[in-house]
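A.B. asks: Taken in order, these protein sequences are the chains called A and B. Here the first sequence stands for residues 28 to 259, numbered as in the numbering used here. Here the second sequence stands for residues 28 to 259, numbered as in the numbering used here. Just so it is clear, CB atoms sit at the ideal spot from N, CA and C, and this is done for glycine as well. This structure is a prediction, so every number in the text was calculated from the model and none was measured. Mind looking over this structure? Questions follow.
Number of protein chains: 2
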Amino acid sequence: MHRCLVCEIRDQSVCRAIDDEDLVVLAKSSKQLSLPPNTTLIEEGSAATAFFNVTAGTVKLFKSLPDGRRQITGFADVGHFLGLTNAGTYSFGAETVDTVQVCRFMRPQLETLLADYPQFERRLLAEVTDELAEAQEQMLLLGRKTARERVASFLLARMIHRPCQTTGEENRVSLPMTRVDIADYLGLTIETVSRTISALRRDHIITGTDHHGIRVLSPSRLRGLASGQENA
Amino acid sequence: MHRCLVCEIRDQSVCRAIDDEDLVVLAKSSKQLSLPPNTTLIEEGSAATAFFNVTAGTVKLFKSLPDGRRQITGFADVGHFLGLTNAGTYSFGAETVDTVQVCRFMRPQLETLLADYPQFERRLLAEVTDELAEAQEQMLLLGRKTARERVASFLLARMIHRPCQTTGEENRVSLPMTRVDIADYLGLTIETVSRTISALRRDHIITGTDHHGIRVLSPSRLRGLASGQENA
DNA sequence: GCTTGTCTTTGATTTATATCAAAAATCACA
DNA sequence: TGTGATTTTTGATATAAATCAAAGACAAGC
Numbered sequence: 028m029h030r031c032l033v034c035e036i037r038d039q040s041v042c043r044a045i046d047d048e049d050l051v052v053l054a055k056s057s058k059q060l061s062l063p064p065n066t067t068l069i070e071e072g073s074a075a076t077a078f079f080n081v082t083a084g085t086v087k088l089f090k091s092l093p094d095g096r097r098q099i100t101g102f103a104d105v106g107h108f109l110g111l112t113n114a115g116t117y118s119f120g121a122e123t124v125d126t127v128q129v130c131r132f133m134r135p136q137l138e139t140l141l142a143d144y145p146q147f148e149r150r151l152l153a154e155v156t157d158e159l160a161e162a163q164e165q166m167l168l169l170g171r172k173t174a175r176e177r178v179a180s181f182l183l184a185r186m187i188h189r190p191c192q193t194t195g196e197e198n199r200v201s202l203p204m205t206r207v208d209i210a211d212y213l214g215l216t217i218e219t220v221s222r223t224i225s226a227l228r229r230d231h232i233i234t235g236t237d238h239h240g241i242r243v244l245s246p247s248r249l250r251g252l253a254s255g256q257e258n259a
Numbered sequence: 028m029h030r031c032l033v034c035e036i037r038d039q040s041v042c043r044a045i046d047d048e049d050l051v052v053l054a055k056s057s058k059q060l061s062l063p064p065n066t067t068l069i070e071e072g073s074a075a076t077a078f079f080n081v082t083a084g085t086v087k088l089f090k091s092l093p094d095g096r097r098q099i100t101g102f103a104d105v106g107h108f109l110g111l112t113n114a115g116t117y118s119f120g121a122e123t124v125d126t127v128q129v130c131r132f133m134r135p136q137l138e139t140l141l142a143d144y145p146q147f148e149r150r151l152l153a154e155v156t157d158e159l160a161e162a163q164e165q166m167l168l169l170g171r172k173t174a175r176e177r178v179a180s181f182l183l184a185r186m187i188h189r190p191c192q193t194t195g196e197e198n199r200v201s202l203p204m205t206r207v208d209i210a211d212y213l214g215l216t217i218e219t220v221s222r223t224i225s226a227l228r229r230d231h232i233i234t235g236t237d238h239h240g241i242r243v244l245s246p247s248r249l250r251g252l253a254s255g256q257e258n259a
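This is the structure in structure tokens:
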């Protein structure tokens with residue numbers, strides 16, 4: 028009995044491309060790791076030797092400038108595959124946000140899998156295509172949206188992508204990352220993020236005082252804001 | 028004698044995945060089109076039925092907000108493949124910048140090609156991976172760079188990617204797009220782009236008065252600026 | 001070769017967000 | 001449970017880039 032066979036998130040990841048009878052190959056190709064918060068998974072510019080499949084928690088992906096300015100390009104959560112690159116080195120860094128579980132594939136094993144299972148490659152293409160569409164959406168946000176629109180877009184995206192109904196509360200949005208991370212993701216400063224969240228609370232669009240979670244009171248107004256419709 | 032066999036840019040595009048003897052299949056799967064400047068290739072949100080391979084000229088890809096704000100997410104030139112999406116509709120628009128030649132694939136033909144030629148899919152994965160890396164670099168630009176750094180990055184990227192040494196002039200950069208397009212690509216206004224280019228000229232980092240081309244005098248200073256090293 | 005419209009540049013002013021500063025809340029750990 | 005460190009919030013001020021405005025340069029068509 029190997030772990031891929033009992034993996035609960037298999038159908039949320041590229042691993043669903045592999046049939047049950049071949050799962051043992053997958054299990055042997057990868058190694059499961061559990062990582063504490065703020066662990067470096069990928070060092071920007073280092074040799075691209077490993078690939079990761081996130082099975083629990085959230086990973087932040089980012090690029091930096093020499094003087095320390097940083098742009099988080101995405102948050103990778105359950106099911107996300109990380110590390111693909113055409114160059115021999117990673118063009119981005121990756122760090123855990125909270126406690127994270129990943130399956131790590133080393134390059135030779137991954138290449139064997141890709142060669143042996145065309146459906147695996149097909150799934151990877153679909154995943155990268157999806158990530159590209161998300162990146163384009165984020166470019167629109169970074170280049171053309173106001174601070175209020177950016178924060179609204181962020182909260183909305185998390186509400187839609189991450190239905191954390193486990194608490195029973197309706198429209199609850201969990202924010203495991205710090206304000207610094209949110210600011211670096213939205214191209215703002217922490218002060219602006221904080222002020223904007225406070226303003227949305229004041230306007231009764233969201234509620235909740237917990238720093239790492241809010242509740243959306245008016246999804247429709249949030250949606251309006253996120254798409255730049257108004258200032259309401 | 029079909030056109031793919033004599034195609035001069037085949038090895039710059041995904042088509043290099045297809046062997047010479049199978050090229051006739053490729054030629055039959057696609058249709059060559061010649062398009063004047065400012066032609067809409069892809070309407071944002073329309074059904075994704077066609078895919079394009081650019082064989083000459085430059086295409087701009089963009090996303091818009093309801094009130095008309097626009098973000099150009101990339102310029103696709105020779106060899107670029109356009110139109111992939113997981114949803115049934117395009118999440119972005121595409122318009123020609125100058126006179127453009129494309130080979131158009133309709134969805135069923137493309138799917139047949141993908142199924143029959145795994146190397147074709149492999150090439151596509153590499154191309155999308157590359158585009159994602161570029162998108163991440165652009166997110167860093169949009170979220171964290173100053174106007175001066177953005178313009179420097181843009182000019183530098185075009186100098187490196189598009190060596191237009193045909194004119195004989197060293198380090199010549201061609202800018203077929205308008206200031207509006209450059210501004211919408213860099214997340215700035217046309218006035219800021221214009222002022223910044225003038226400032227770089229004043230600082231003897233670039234030269235040339237032609238609106239659609241400049242010459243880089245100091246690639247090293249431009250590189251420094253683009254990576255945020257200084258203000259020189 | 002002139003005229004008309006478009007694109008680009010330059011200038012003056014405004015503004016959204018950054019920066020600087022400090023208080024309040026939360027967290028970690030003894 | 002208390003204490004110091006960290007994170008978040010709020011406030012005052014500064015600033016880079018946007019906006020508003022107009023002049024110059026260029027391109028296309030007659």
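Does DSSP put Ile233 of chain A in a helix, in a strand, or in coil?
C.D. replies: Taking the first sequence and counting its residues from 1, the one referred to as residue 233 of chain A is at position 206. Correct three-state label for Ile233 of chain A: strand.
A.B. asks: With burial defined as no fewer than 16 other Cβ atoms inside 10 Å of the residue's Cβ, what is the status of His188 of chain A: buried or exposed?
C.D. replies: For the purposes of this step, residue 188 of chain A is identified with residue 161 of the first sequence, where counting begins at 1. That one is exposed.
A.B. asks: What separation, rounded to the nearest whole angstrom, lies between the Cα atoms of Asn80 of chain A and Arg185 of chain B?
C.D. replies: Along the first sequence, one-based indexing puts residue 80 of chain A at 53. Along the second sequence, one-based indexing puts residue 185 of chain B at 158. One C-alpha to the other measures close to 34 Å.
A.B. asks: Going by other Cβ atoms of all chains shown within 10 Å of its Cβ, with 16 needed for buried, is His107 of chain A buried or exposed?
C.D. replies: Counted from its first residue, the first sequence places residue 107 of chain A at position 80. It is buried - the Cβ of His107 of chain A has at least 16 other Cβ atoms within 10 Å.
A.B. asks: Taking 8 Å as the CB-CB limit, is Arg229 of chain B close to chain A?
C.D. replies: The residue you call residue 229 of chain B lines up with position 202 of the second sequence. Taking Cβ atoms only, chain A never reaches closer than 8 Å to Arg229 of chain B, which makes this a no.
A.B. asks: Quick check on Met166 of chain A - is its C-beta less than 8 Å from some C-beta in chain B?
C.D. replies: As a first step, residue 166 of chain A must be located in the first sequence, where it is residue number 139. For Met166 of chain A, the answer is yes, since a Cβ of chain B falls inside 8 Å of its Cβ.
A.B. asks: Could you pull out every residue in the same chain whose Cβ sits closer than 7 Å to the Cβ of Ser221 of chain B, ignoring the five residues on either side in sequence?
C.D. replies: Within the second sequence, the letter at position 194 stands for residue 221 of chain B. Cβ within range, chain order: Arg206.
A.B. asks: Taking the alpha helix (DSSP H) that Gln165 of chain B falls in, what are its first and last residues?
C.D. replies: In the second sequence, counting from the first residue as 1, residue 165 of chain B sits at position 138. First-last of the alpha helix (DSSP H) with Gln165 of chain B: Pro145 to Arg171.
A.B. asks: Any idea if Ser73 of chain A is buried or exposed, counting beta-carbon neighbours within 10 angstroms, 16 or more meaning buried?
C.D. replies: To locate residue 73 of chain A, count along the first sequence from 1; it is residue 46. Answer is exposed; the Cβ neighbour count stays below 16.
A.B. asks: If you follow the alpha helix (DSSP H) that Gly251 of chain B is in, where does it begin and where does it stop?
C.D. replies: For the purposes of this step, residue 251 of chain B is taken as the residue at position 224 of the second sequence. Taken as a continuous stretch (DSSP letters only), the alpha helix (DSSP H) holding Gly251 of chain B covers Pro246 to Ala253.
A.B. asks: At a cut of 8 Å, does the region 82–96 of chain B reach the region 150–160 of chain B through at least three beta carbon pairs?
C.D. replies: no
A.B. asks: If I measure Cβ to Cβ from Arg134 of chain A and keep anything under 6 Å in the same chain, skipping five residues before and after, which residues do I get?
C.D. replies: Position 107 of the first sequence, counted from the first residue, corresponds to residue 134 of chain A. Closer than 6 Å at the Cβ level, and outside the excluded window around Arg134 of chain A, lie Thr76.
A.B. asks: Can you check which of these residues, B:Leu215, B:Ser254, B:Pro203 and B:Asp49, is closest to Phe102 of chain B by C-alpha distance?
C.D. replies: On the second sequence, position 75 is the one that residue 102 of chain B refers to. For Phe102 of chain B, the closest alpha carbon among the candidates B:Leu215, B:Ser254, B:Pro203 and B:Asp49 is that of B:Pro203.
A.B. asks: Just the chain B side, please: which residues come within less than 7 Å of Leu111 of chain A by C-beta, in chain order?
C.D. replies: The count along the first sequence starts at 1 and reaches residue 111 of chain A at position 84. In chain order: Thr156.
A.B. asks: Hey, does Ser56 of chain B have any beta-carbon neighbour from chain A nearer than 8 Å?
C.D. replies: Indexing the second sequence from 1 puts residue 56 of chain B at position 29. Cβ-Cβ to chain A under 8 Å: no for Ser56 of chain B.
A.B. asks: Beta-carbon of Lys90 of chain B versus every beta-carbon of chain A: anything under 8 Å?
C.D. replies: By one-based count along the second sequence, residue 90 of chain B stands at place 63. Yes, because at least one Cβ of chain A sits closer than 8 Å to the Cβ of Lys90 of chain B.
A.B. asks: Less than 7 Å between C-beta atoms, sequence neighbours within five positions excluded: which residues of the same chain meet that for Ala54 of chain A?
C.D. replies: Along the first sequence, read from residue 1 onward, the residue named residue 54 of chain A stands at position 27. His29, Arg30 and Cys31, listed in sequence order.
A.B. asks: Along chain B, in chain order, which residues have C-beta atoms closer than 9 Å to that of Asp49 of chain A?
C.D. replies: Looking up residue 49 of chain A in the first sequence gives position 22. Here the premise fails: no neighbours, minimum Cβ distance about 17 Å.
A.B. asks: For Met186 of chain B, which of helix, strand or coil comes out of DSSP?
C.D. replies: Residue mapping note: residue 186 of chain B aligns to position 159 of the second sequence, counting from 1. Reduced to three states, the DSSP call for Met186 of chain B is helix.
A.B. asks: When you check each C-beta in the region 102–133 of chain A against every C-beta of chain B, which residues fall closer than 9 Å?
C.D. replies: Leu111, Thr112, Asn113, Ala114, Ser118 and Phe119
A.B. asks: In three-state terms, what does DSSP make of Phe181 of chain B?
C.D. replies: Position 154 of the second sequence holds residue 181 of chain B. Looking at Phe181 of chain B - three-state DSSP - the assignment turns out to be helix.
A.B. asks: Go through its chain and collect everything with a Cβ distance to Val124 of chain B's Cβ below 6 Å, but skip five positions before and after it.
C.D. replies: Position 97 of the second sequence, counted from the start, is the residue given in the question as residue 124 of chain B. Closer than 6 Å at Cβ, skipping near neighbours: Thr85, Lys87, Pro203 and Met204.
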